[in-house]
Amino acid sequence: VRVRKSGALKNKRGHGNSQGSSKMKWHDLRPADRADAAAQVHAVIFAQLGALAHSMVEFGCSVEMACAFVRRLSVRHQLPLSQRTMLLSHLRRSVTDDLSEV
Numbered sequence: 001v002r003v004r005k006s007g008a009l010k011n012k013r014g015h016g017n018s019q020g021s022s023k024m025k026w027h028d029l030r031p032a033d034r035a036d037a038a039a040q041v042h043a044v045i046f047a048q049l050g051a052l053a054h055s056m057v058e059f060g061c062s063v064e065m066a067c068a069f070v071r072r073l074s075v076r077h078q079l080p081l082s083q084r085t086m087l088l089s090h091l092r093r094s095v096t097d098d099l100s101e102v
């Protein structure tokens, strides 16, 4: 999966390796660019955690185990509380919806 770099993370021409990319340190970014870069990382973490948790449940893990996984990794990767809550409520709601269909 390729993530498009924001203007904050793009490098100047002529610097870096042959492909034109080099690393930029977080503390060198302006506050607005740092927030934009963090939001992009959080969006990727959110999407991946949601997909993994869904797959866990589909392959037979309990919802409690999937929720614990989401909690642990969302804290580790500093996912905003609103996104963590959304993932957890979605997991719990999907189980409730599955039970009502039976």
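The letter at position 13 of the sequence shown is residue 13 when you use the working numbering, and the numbering goes up by one with no holes.
Beta carbons are placed, not taken as given, at the ideal position from N, Cα and C, and that holds for glycine.
Just so it is clear, the structure is predicted and the values come from calculations on it, not from any experiment.
- Restricting attention to R76, H77, M65, the CA atom closest to the CA of L88 is found in M65.
- Taking all protein chains in view, the Cβ of A39 is surrounded by fewer than 16 other Cβ atoms within 10 Å, so the residue is classified as exposed.
- By the Cβ-count criterion, V75 is exposed, with fewer than 16 other Cβ atoms from all chains shown falling within 10 Å of its own Cβ.
- Taking the Cα positions, I45 is about 16 Å away from M56.
- The shortest CA-to-CA distance from H77 to any of F59, L49, P31 is the one to L49.
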